[in-house]
Every structure is written in structure tokens, then in C-alpha cells.
Amino acid sequence: MHHLKVGIAFVFLGIFSANAQYTETINSNRPGESQGAYAVGKNVLQLEAGGYFGNNNHSLFNSDTDILGASYGFRFGFLTEILELNFFGSFEDQVTSIPVGNGVDEFKTTNFKTNTIGAKFLLFDPNVSIKDREVNLYSWKANQRMDLRSLIPAVAVYGGANFSWWENPYMFEGESSISPKAAIITQNNWGRWVLVMNFIADKFTEEFPSYGGVFTLTHAVTPKFAVFGEFQTYISDLYADELLRGGAAYLLGKDFQLDISGLVNFKDTPSRWQVAAGVSYRFDFHEDDEYIKDTYEGKRNQRGEELEETGFYKDDEEGDGSDE
């Protein structure tokens, strides 16, 4: 069985091995767009929301669009430490200006841009399934060698449904009111560094499916302050783009986080920029004694996922409680 960690066998090994995802402090997906591999923890309810504004300028259409919006997310650890139910969405107001003769025509669009309900399931956790490398008492050089096992990521799968309650100007013509979304999620924890990758298939049953990826690298500067950089790509006949994000998050308490971020792209059809800020708050009803201990030597994934050696959450309980 040890050699059959593929297919169904891989799934079952993940189910029985990944059993300790709860952390003492909040794990938010904000401020980037990727999801981490880990769930929020059994019986934990988490709210994540923010506002954003920006501009799209399309060189071919000669249009200029001002954007104001709000994003929101609800996450709940259901039944087990490795299953999360979630709901993400956004509401957006756009004002587009197009020069016509000596004047300018304006068109306003206001509606829910996205609403997606789904579930995330952790298949494999290397912190649980892979034993630590044994210390070689006879060779200092052997102990300093890179441990290739650290390259093995945690792996999760996500499945959800996009939906709209009524005719929506943000939907393309002929789009169904309900469409699928799926993703494979990986996460590597390297001390104070965290790498998260999402491989996404969205609306793949529709006329214009969208495929892409989100790649987020996060670094814990202090136990309460973290920065991140993120690259996102969209591949679709309807809209294709590459986006670059950056930002920071600050922990005010074990259940409360603030964040700020910015976005730019690399083309002019349209050229885009955006700034955003938000908050995340956790209602912690977790009752199990088993959890991942927080330490100073790392931070949880800024995308909201619990890490075993992160230190973003709070000061080491064995320390003096300072923010140094």
C-alpha cells in the first residue's frame, strides 16, 4: 500500500493522515486570490471582506472604466479538520466613459460580479505523512544537505458552482445561471516562506471556459506582519490576461486581521490597476485539543492557511510577549 499513493489509494491515504489543521490564530485567504491547501479547522467560522477600486483603460475601444467594488467570503470547517465549506463573491459598480464627437458617453453597470459556493478537501499533508529526516550523528555534512522531502507540498482539491439569480450584465450572452469551478491546490511551507499554487478550471461546461493559475509567495517579516507577491494568469477566448499583485497583512489579535494590496497587468486591452483593503475575523468554536502549534519561526499562509512553523500569528508563548 505504501507504493500506491496514486488514484484512489492516494485519496484514502490523505483522508487518514491529514488530521490536524486547526491553529491558535486566524488563517485568512486575504489579501491575494489563491486558496491555501489547508482548511480553517473543524467548527471554525471565518468571515473575510474588503473593498477595492481601480481603473481599466482599453486602447482599442478607447474606453476608460472606473471600478468600485466589494468582495466577501465565508468559510466553515465542517465535520473534520480537512474539509472546508466556503462561499466567495463580489459586488461591483463600473462607470465606462467613451468619447463620442466632442462629448463623452457614460455607461454604468452595477451587479454581483461573482458568487461561488464550494468545498475544499485536503488530500495529503506532508507534515503528517512524511517522517522527518533522521539526524546523522557521524556526519555534519550529511545533516546540512538539502532535504528534498521539503519540496513535497500539501495537496487539496476544490469544487464549486458559480451562480447568478437573475439576468446579469457581467455574464456573457448565453451563459448558464449555474456553472462549475474546480481547482487543484498545493502548498509548501518553508519556515517563514510559504508558496501556494492554484490550478483552476472555471465554467468549463460553458461556451467560453476559463483556465488559469494563481501563484502566491508569502514571507513573515515579524510574528504579526507579513508581505506577499502573486502572479495570476487567465486563459480564455473571452478574456486572457496576466496580473501581478503585492501587499501586506497585519494581525491585530488571534482572530482579527487587516490587509492591503495592489494589482497591475501587462497589456493595454485593457490596462488595469487596482488597490484594495480588507479585514478577516474568526469565530472560533473549535473544541478538539489537537492543533498545529504556533511558533515564531514562520507564519501561516497569508492566503489563509494554517502552517505548522509560521509565527505570523503571535509571539512565541515561551517568549517575553514583545513584538521584536
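Throughout the sequence shown, residue numbering follows mature numbering (1 follows the signal peptide of the UniProt record, and there is no 0), covering -20 to -1, 1 to 304 in sequence.
Note that CB positions come from ideal geometry on N, CA and C, so glycine has one too.
Bear in mind that the values here come from a model prediction, so they are computed numbers and not experimental data.
Here residue 84 has 77 as same chain residues with Cβ atoms under 6 Å from its own Cβ, once five neighbours each way along the sequence are excluded.
Relative to the Cα of residue 105, the nearest Cα in the group 17, 66 and 254 belongs to 17.
Its chain contains 249 as the residues whose beta carbon lies nearer than 6 Å to that of residue 40, once the 5 sequence neighbours on both sides are disregarded; these appear in chain order.
Three or more beta-carbon pairs separated by less than 8 Å are not found between the segment 35 to 49 and the segment 58 to 67, which leaves the two stretches without contact. For residue 211, the enclosing beta strand (DSSP E) stretches over residues 205 to 215. Residue 179 and residue 209 have their C-alpha atoms roughly 17 Å apart. Non-local C-beta neighbours of residue 163 in its own chain, meaning closer than 6 Å and more than five positions away in sequence, comprise 138, 178 and 180, ordered along the chain. Closest by C-alpha distance to residue 228, out of 4, 239, 35 and 94, is 239. Residue state for residue 245 is assigned as strand, using DSSP reduced to three classes.
Annotation: residue 221 to residue 211 spans about 11 Å, alpha carbon to alpha carbon. Taking one beta carbon from each stretch, the segment 9 to 25 and the segment 154 to 162 have fewer than 3 pairs nearer than 8 Å; the two do not touch. DSSP, reduced to helix, strand and coil, places residue 25 within a strand of the structure shown. The C-alpha of residue 82 is placed about 42 Å away from the C-alpha of residue 96. Apart from sequence neighbours up to five positions away, the residues of its chain that approach residue 244 with a beta-carbon distance below 6 Å are 224 and 253, ordered along the chain.
Residue burial is scored here from C-beta neighbours: residue 103 has at least 16 other C-beta atoms within 10 angstroms and is therefore classed as buried.
Residue environment analysis places residue 32 among the buried positions, since at least 16 neighbouring C-beta atoms fall within 10 angstroms of its C-beta.
Straight through space, the alpha carbons of residue 7 and residue 219 are spaced by roughly 31 Å. Excluding its 5 nearest sequence neighbours in each direction, residue 136 has C-beta neighbours in its own chain below 7 Å: 17, 100, 101, 102, 103 and 165, listed in chain order. One alpha carbon belongs to residue 193, the other to residue 263, and they sit about 30 Å apart. Under the three-state reduction of DSSP, residue 189 is assigned to coil, being neither helix nor strand.
The beta strand (DSSP E) runs lying completely inside the segment 12 to 73 and spanning 3 residues or more are 24 to 38 and 43 to 57, given in chain order. The distance from the Cβ of residue 108 to that of residue 64 is about 17 Å, inconsistent with a contact at the 8 Å cut-off.
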